[in-house]
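First comes the structure, then the notes that go with it.
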Amino acid sequence: MALTGLFLISFLVVHAAINAMIFFNDGGKTFNEWGHFMGTNLIVRTMEIGLFAGLILHIVDGLVLFFQNRAARPVKYAYEKPSASSQWYSRSMAILGTLILLFLVIHLKDFWLKTRITELTGNKHMYVNGVWMENLYSEMRLVFSELWVVILYVVGCFSLFWHLLHGFRSAFQSMGWSQGQYKEIIGLSGDAFSVIISALFASMPIAMYLNLVH
Ligand code: HEM
58 MALTGLFLIS FLVVHAAINA MIFFNDGGKT FNEWGHFMGT NLIVRTMEIG LFAGLILHIV
118 DGLVLFFQNR AARPVKYAYE KPSASSQWYS RSMAILGTLI LLFLVIHLKD FWLKTRITEL
178 TGNKHMYVNG VWMENLYSEM RLVFSELWVV ILYVVGCFSL FWHLLHGFRS AFQSMGWSQG
238 QYKEIIGLSG DAFSVIISAL FASMPIAMYL NLVH
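Mapping to my numbering: the sequence shown position 81 is 138, numbers consecutive.
What follows is the structure, given as structure tokens:
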């Protein structure tokens, strides 16, 4: 779980960094250029297979762990006060993960399916520095022109926030990297990372809906 989790975290960093280029306010040119590079570079495309494999492994591992935990205590304690020893979100990783998965299904249908499988329609292309490429930026504008979609994405980012808040600390602990003097600093970095990455992702649909990017 920790290994695949950290791998997926590294994907999120790259994904958020490239998406954040919409904030350059250059009509999506820089963002489209990077999107084009990521979509056509052979090494990146090969890594895409690893990404989906990592995602599936993470989900399967998570499910196994969930059912093992349940089987370990078929009879509940007579007196239970889980809040005394753990946070609600660390006990709800499976539910939060399922919410993220539901978000991902919709998200991949919104973008990935259109670029990789069905292809964007003719008017969703543009020249950037003489190269004809998909205009993912205009697709984003279209997707985020509907309020319910924006709300759905923000809920997805909120689920991601809680999932990461426990996942980051937990992954470093499982790897044995969170001991002694480093424990506190790694925990705090994880908290900061969870806030920043989720807020950055959520700001994209919101900014587009409110016409704050051009
Ligand atoms: C909320 C703001 C987000 C926006 C605007 C956004 C935008 C995009 C776009 C445009 C693509 C298509 C790239 C392409 O086909 O060339 C994409 C792919 C993808 N996104 Fe997002 N994304 C967001 C959040 C997320 C989050 C939170 C996750 C994970 C929890 C995620 C996971 C993915 C995955 C797995 C892919 C497919 C990767 C691939 O193309 O290989 N995205 N996203």
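Ideal Cβ placement from N, Cα and C applies to all residues, glycine included.
From a predicted model like this one, the values you see are computed outputs, not experimental measurements.
Close Cβ partners of residue i (< 8 Å) along its chain, the five nearest in sequence each way excluded
i, result
"R148", "P139"
"I75", "F88, W91, G92, M95"
"F80", "A264, V270"
"G84", "Y194, H271"
As assigned by DSSP and simplified to three states, the class of residue i
i, result
"E176", "coil"
"V185", "strand"
"M232", "coil"
"E105", "helix"
"E196", "helix"
Supposed contact pair residue j and residue i - C-beta distance, whole angstroms, cut 8 Å
i, j, result
"V211", "I254", "With 8 Å as the limit, V211 and I254 do not qualify as a contact, their Cβ atoms being about 14 Å apart."
"G119", "H220", "Rounded, the Cβ-Cβ distance is 10 Å, inconsistent with contact."
"Y272", "S195", "This structure leaves residue 272 out entirely; the chain is present only between 58 and 271."
"S251", "F215", "Actually they do not touch by this definition, with Cβ atoms about 11 Å apart."
"I163", "L209", "7 Å"
Segment limits, alpha helix (DSSP H) that includes residue i
i, result
"F250", "239-266"
"A73", "59-76"
"K86", "86-97"
"I157", "150-167"
Other residues of its chain near residue i: CB distance less than 7 Å, five sequence neighbours each side excluded
i, result
"F68", "L108"
"G111", "T61, F64, L65"
"D167", "V200"
"V101", "M95"
"K86", "V185"
Same chain, Cβ closer than 6 Å to residue i, neighbours up to 5 away in sequence not counted
i, result
"R173", "none"
"R226", "G244, G247"
"M58", "D118"
"Q144", "none"
"F160", "G213"
"A259", "V211, C214"
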